[in-house]
Amino acid sequence: MICPFSFSIGAANTLVDNINVEPGATYPYHNHPAGEEIFVISGEATLESATLSQGDYLYTPPNFKHSVTTKAGCTMLFVVPEEVEIL
């Protein structure tokens with residue numbers, strides 16, 4: 023289960039999401055047309071071949087198609103300038 027907390031900031035359609043991801047969850051293959059920023063608050067997640075742990079930051083460039091999985095669960099902060107396209 024993914025439990026988001028979202029609000030808009032700055033430019034139109036920019037969201038800041040604090041997401042708690044339960045162990046074993048997978049977010050499907052998707053795209054961010056304007057990129058995204060990810061900060062791992064706790065736990066661990068895998069984005070394609072990169073494993074992100076507590077304190078890690080990752081910027082994904084525009085149109086970088088990917089999925090996210092977690093074995094043990096995690097909490098992440100996302101900054102997303104536009105909507106997500108599920109593929």
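Just so we're aligned: the sequence shown equals residues 23 to 109 in this note's numbering.
Beta carbons are placed, not taken as given, at the ideal position from N, Cα and C, and that holds for glycine.
Computed from a prediction, not measured in an experiment: that's the story for all the values here.
Following the continuous beta strand (DSSP E) through residue i, name the residue where it begins and the one where it ends.
i     : result
His88 : His88 to Thr91
Thr68 : Glu58 to Leu69
Asn53 : Thr48 to Asn53
Ala72 : Ala72 to Ser75
For residue i, tell me which candidate among the options has the shortest Cα-Cα distance.
i      : options                       : result
Pro103 : Asn42, Thr91, Ala72 and Pro84 : Pro84
Ala67  : Pro45, Glu105 and Glu107      : Pro45
Ser71  : Ala56, Gly65 and Ser89        : Ser89
Thr91  : Asn42, Val43 and Thr48        : Thr48
Ala56  : Leu69, Thr82 and Ala94        : Thr82
Ile41  : His52, Gly65 and Asn53        : Gly65
Please classify residue i: does DSSP put it in a helix, a strand, or coil?
i      : result
Glu107 : strand
Asp39  : strand
Q | Any 3 or more C-beta pairs closer than 8 Å across the stretch 49-63 and the stretch 97-109 | A | yes
Q: Would you check if the stretch 71-84 and the stretch 36-43 touch, i.e. whether three or more CB-CB distances between them fall below 8 Å?
A: no
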